[in-house]
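*Asks:* Chain order of the listed sequences is A and B. By the numbering used here, the letter at position 181 of the first sequence is numbered 207, and the numbering carries on one by one without gaps. By the numbering used here, the letter at position 333 of the second sequence is numbered 316, and the numbering carries on one by one without gaps. We put the beta carbon where it would ideally sit given N, CA and C, even for glycine. Supplied in structure tokens, the structure appears directly below.
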Amino acid sequence: MGIEHTFRHKHILGLENLTEDDISLVIQTAESFREISNRSIKKVPTLRGRTVINLFFEPSTRTKLSFEIAAKRLSADTFSISKSTSSATKGETLVDTALNLEAMKPDIIIIRHSSSGAAQLLAKHLDASIINAGDGTHEHPSQGLLDLMTVKEKKGTIAGLTVAIIGDIAHSRVAHSDIIGFTKMGATVRVSGPATMMPRYLEQLGAQVCLSPREAVKGADVIMALRIQQERQLDPLIPSLREYAAFFGITEDILKLAKPDVIIMHPGPINRGVEMDPALADGSHSVILDQVTNGVAVRMALLYLLAGGD
Amino acid sequence: MGILQHDIALAMKPLTILFENAHLIDPRNNREGRFHLLVVDGKVKAVFEPSEALSVPDDCLRLDLKGKWLVPGLIDMHVHLREPGAEYKETIVSGTRAAAAGGFTAVACMPNTQPVNDSRAVTTLINALAKDAGTRVYPVGCISKGAEGKELAEFGEMRQAGVVAVSDDGLPVADSQLFKRALEYAGNYDLLVISHAEEPSLSRGGCMNDGVISTRLGLRGIPAVAESIMVYRDLALAAYTGRPVHIAHVSTSESVELIRRAKAQGWPVTAETAPHYFTLTEDAVGQYNSNAKMNPPLRAEEDRQAIIKGLADGTLDVIATDHAPHSRLEKDREFDLAANGIIGLETSVPLTLSLVREGIIDPSGFVRLMSTNPARILKVPGGGLEPGSPADLTIIDPDVQYVFTAEKILSKSRNSPFIGMEMTGRAMLTMVGGAVTWNCFEGSELPG
């Protein structure tokens, strides 16, 4: 099936800014790129001569590498700057760092930053296209898109499904993008976790809040477990990881409440034994590594849609 | 050509001038209507009806106001002038010239400078720097040494040096025992205690109102209850000690209701809000607009409505700007790391006049909120135009329309969410002790 839709965005700042048609186009484009990664020579010339800068102010393995591989498979020139190698450690402001990078004429800057809105700030000041690779507790659009792509791949559709997201919702930009993305595509999103980790106004964003994870999981097609992000909490929001694992961890027992063909997802990195039973991550329901594979395809699609024209 | 007098220091000699056909609004003296007002030797010499014949000095200047408002000089009891320590944001001279342009004849400056004003030495320095100011300057001293919230600062010495009130503004006094003692000890020196009411454990790390928008933007929220819990504590301690407390920058519906009830019980409390709290809501944050970031934060629409109601029924006594200049260095950055605060001296009059146009307050209410009440609460001169009182006055054209642009800002900083907005009404002339500190009358005959 083909979608007659033109992608009109200069930046990818969040799923909030994308329409249902935009999201479908990204997924469709990513599906067409997925095959490239299975070739023996994994490279096409689509973005030859384009310059892509990875500007990562927070630690990242998966996302940074995924964007780098995506850009290289499209023949773009890529450069990565992390916090320890940037001038931020010398006291330069984010805007100044970005203006200096801009002076070197990149086509796309991919930014990860601990402040919500950092990608918007760059978009306001720069001519280059900006891709948000995770800003504070705001959004992580490429992760949301790869989650949507993976669910569509496994379930054939997104509309009408029930997605249960369990964990630290308040500090999760992935949860945020997923709630926006899945509800936009017609799925029902339920969230559950310790109440101290639930923002007060989630229902107004379209999610159903369940105090009990069992209630959230009941009849679900998709279970998404989130990492407890202790690095974003100002002070402890739960008494112990042990209690969290006992009451909010995904177990075989809880899984029985979901649909028999439920898939289990996790944006990584996993704390095995905390968010889920260690065996479940490798079990038949798990699609965690498919998410990683699709991540490259989705990021290729985003780079292509932003810089593949002309 | 208008004569832009903001380059002229206050030291310029007082005028002998007759303001004719003013619409004079002076609630303290129960006057509102068409009057002439004569200024001689820096004082109000006479206020009289146009039909009365009164001999005026031969060298007297005359300005026919043709019905424009003439009001007691406006007093802003909550500003940050940044000097000493952050002169690149604002100085006492630049801030008070902005104040004069905004119609103010006096400001009370908060002590969170560098160093903080917690001593006779810093108070004395501020007073010395204020010799060239565009308004009268009333320093506010710290409640606690270093504004650290641990031990009382030297109220007596600061009072002798000229402070009119004490506050740790910018920071709450978290320790209730210390706040109680501040209220008690301030009594010895007849000092007003001004409270920045915020429960820090609830607001920690927050950078905007806790609500749907903070959730959507992924920003840590400051709940309304972080303010109202502390407002209640302050009111209860005022009642317990019998000493007056003034609640600064009220921003929430619940705070207004608590203050209303406290006043009904006769507790010694006064309160202020700022124009942004009755003009804007959290919606102004939009996509991380740091010029809509301040503490307390812009709240929800129901809070804005409650503030307006509080101004209308007298629960809130004062409109103060909380003028908080910051440079691009502090504002043009990640929202959570950007500094709190906006400038306000040059937009307070038009924003408050909109309440008059909407029928929420009447012209005498405008004068009470911006002049008479702050003078009474701070126990400083001004607030009325009695013959014999200093000629501190403001002439306002309530109808002139213009766009508020960055280029016209006199403050050293430009951090305003109102830039580009259409405004109605402004100060046309500001006079302190008979000297003109601001004048934007076209073709004015006044000396330049």
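Between the stretch 118 to 126 of chain B and the stretch 145 to 153 of chain B, do three or more beta carbon pairs fall short of 8 Å?
*Replies:* At 8 Å Cβ cutoff, the stretches touch.
*Asks:* So H6 of chain B packs on L53 of chain B, CB below 8 Å; how close in whole Å?
*Replies:* Sure, about 7 Å apart at Cβ, within 8 Å.
*Asks:* Can you give me the C-alpha to C-alpha distance between Q317 of chain A and C190 of chain B, rounded to a whole angstrom?
*Replies:* Each residue's Cα considered, the two are about 34 Å apart.
*Asks:* Which residue comes first and which comes last in the alpha helix (DSSP H) that contains H6 of chain B?
*Replies:* Segment 0 to 9 is the beta strand (DSSP E) holding H6 of chain B; no alpha helix (DSSP H) there.
*Asks:* To the nearest angstrom, how far is the alpha carbon of G143 of chain A from that of A111 of chain B?
*Replies:* Taking the straight line from one Cα to the other gives about 43 Å.
*Asks:* Do L228 of chain A and I195 of chain A have their beta-carbon atoms positioned less than 8 Å apart in this structure?
*Replies:* Their beta carbons are under 8 Å apart, which means I195 of chain A touches L228 of chain A by this criterion.
*Asks:* Would V52 of chain A and V324 of chain A qualify as a contact pair, given that the criterion is a beta-carbon distance under 8 Å?
*Replies:* Cβ atoms of V52 of chain A and V324 of chain A: closer than 8 Å.
*Asks:* Could you check if P304 of chain A belongs to the surroundings of the ligand GDP, using beta carbon to heavy atom distance under 7 Å?
*Replies:* The model depicted lacks the ligand GDP and carries no ligand whatsoever.
*Asks:* With a threshold of 8 Å between beta-carbons, can P293 of chain A be considered close to chain B, or not?
*Replies:* False, the Cβ-Cβ gap to chain B never drops below 8 Å.
*Asks:* Let me check understanding here. Comparing Cα to Cα, which of B:S372, B:M411, B:I360 lies closest to Y385 of chain B?
*Replies:* Here the closest residue by C-alpha is B:M411.
*Asks:* Starting from the Cα of L73 of chain A, find the closest Cα among A:R99, A:I135, A:A272 and give me that residue.
*Replies:* Ranking A:R99, A:I135, A:A272 by Cα distance to L73 of chain A puts A:R99 first.
*Asks:* Let's test the definition: count the other Cβ atoms within 10 Å of the Cβ of D9 of chain B and tell me whether it reaches 16, buried, or not, exposed.
*Replies:* Looking at its Cβ environment, which holds 16 or more other Cβ atoms inside 10 Å, D9 of chain B is buried.
*Asks:* So who's on the other strand from R298 of chain A, going by DSSP bridges?
*Replies:* In the DSSP output, where bridge partners are listed per residue, R298 of chain A has A:M302.
*Asks:* Identify the contact partners of V195 of chain B in chain A, using a Cβ-Cβ distance below 7 Å as the criterion.
*Replies:* Here the neighbours are Y227, Q230.
*Asks:* Quick check: the Cα distance between R244 of chain B and G212 of chain A, rounded to an integer number of angstroms?
*Replies:* Spanning the two alpha carbons is a distance of roughly 48 Å.
*Asks:* Can you list, in chain order, the residues of the stretch 119 to 143 of chain A whose Cβ is nearer than 9 Å to any Cβ on chain B?
*Replies:* If the cut-off is 9 Å between Cβ atoms, the stretch 119 to 143 of chain A has T119, L120, V121, H139, S140, S141, S142, G143 near chain B.
*Asks:* What would DSSP say about N320 of chain A, mapped onto helix, strand or coil?
*Replies:* Three-state result, N320 of chain A: helix.
*Asks:* List, in order along the chain, the chain A residues whose C-beta lies closer than 8 Å to that of Q270 of chain B?
*Replies:* G143, Q146, listed in chain order.
*Asks:* Of all the options B:F2, B:L376, B:V339, B:A303, which has the alpha carbon lying nearest to the alpha carbon of S331 of chain B?
*Replies:* For S331 of chain B, the nearest C-alpha among the options comes from B:A303.
*Asks:* Any idea if M(-16) of chain B is buried or exposed, counting beta-carbon neighbours within 10 angstroms, 16 or more meaning buried?
*Replies:* The pLDDT assigned to M(-16) of chain B is 28, lower than 50, so where the model puts this residue is not dependable; a value taken from the coordinates is nonetheless given after this. Exposed, since its Cβ has fewer than 16 Cβ neighbours within 10 Å.
*Asks:* Starting from R199 of chain A, find everything on chain B with Cβ-Cβ shorter than 8 Å and list it in chain order.
*Replies:* Here the neighbours are G201.
*Asks:* Give a yes or no on whether the minimum CB-CB distance between L260 of chain A and chain B is below 8 Å.
*Replies:* True, the Cβ-Cβ gap to chain B drops below 8 Å.
*Asks:* Which two residues bound the contiguous alpha helix (DSSP H) that contains E15 of chain B?
*Replies:* Segment 14 to 23 is the beta strand (DSSP E) holding E15 of chain B; no alpha helix (DSSP H) there.
*Asks:* Using a Cβ-Cβ cut-off of 7 Å (strictly less than) and excluding sequence neighbours within five positions of E108 of chain A, which residues of its own chain qualify?
*Replies:* The sequence shown places Ser at residue 108 of chain A, rather than the Glu named in the question. Excluding residues within five positions, the ones whose Cβ falls inside 7 Å are F82.
*Asks:* So with Cβ pairs under 8 Å, would you call R187 of chain B a contact of chain A?
*Replies:* Chain A, which has a Cβ nearer than 8 Å to the Cβ of R187 of chain B, makes this yes.
*Asks:* Assign M130 of chain A to buried or exposed, taking buried as 16 or more other Cβ atoms, counted over all protein chains shown, within 10 Å of its Cβ.
*Replies:* M130 of chain A comes out exposed.
*Asks:* Where does D305 of chain B sit, in a helix, a strand or coil, going by DSSP?
*Replies:* D305 of chain B falls in the coil class under three-state DSSP.
*Asks:* Can you find a CB in chain B that lies within less than 8 Å of the CB of H35 of chain A?
*Replies:* No, because no Cβ of chain B sits closer than 8 Å to the Cβ of H35 of chain A.
*Asks:* Given this structure, state the Cα-to-Cα distance separating H309 of chain B from T188 of chain A, to the nearest angstrom.
*Replies:* Spanning the two alpha carbons is a distance of roughly 48 Å.
*Asks:* Report back the beta-carbon spacing between N320 of chain A and L172 of chain A to the nearest angstrom; my notes put them in contact at under 8 Å.
*Replies:* Confirmed, about 5 Å.
*Asks:* Go ahead and pull the three-state DSSP assignment for P94 of chain B.
*Replies:* Coil, per DSSP.
*Asks:* Compute the Euclidean distance between the alpha carbons of P71 of chain A and M406 of chain B, then round it to the nearest angstrom.
*Replies:* Using only the alpha carbons, I get a separation of about 56 Å.
*Asks:* Looking at the structure shown, is N422 of chain B part of a helix, part of a strand, or coil, going by DSSP?
*Replies:* If DSSP states are grouped into helix, strand and coil, N422 of chain B belongs with the strands.
*Asks:* Would you give the residue range spanned by the alpha helix (DSSP H) that K28 of chain B belongs to?
*Replies:* Counting along the chain, K28 of chain B falls outside any alpha helix (DSSP H), though it belongs to the beta strand (DSSP E) covering 26 to 31.
*Asks:* Could you compute how far the alpha carbon of A307 of chain A sits from the alpha carbon of H151 of chain A?
*Replies:* When rounded, the distance between both Cα atoms is 42 Å.
*Asks:* Given a cut-off of 8 Å, decide if A154 of chain A and K192 of chain A are closer than it, judged by their beta-carbon atoms.
*Replies:* Looking at the sequence itself, residue 192 of chain A is Ile, so the reference to Lys does not match. No; because the gap between Cβ atoms is not below 8 Å, this pair is not in contact.
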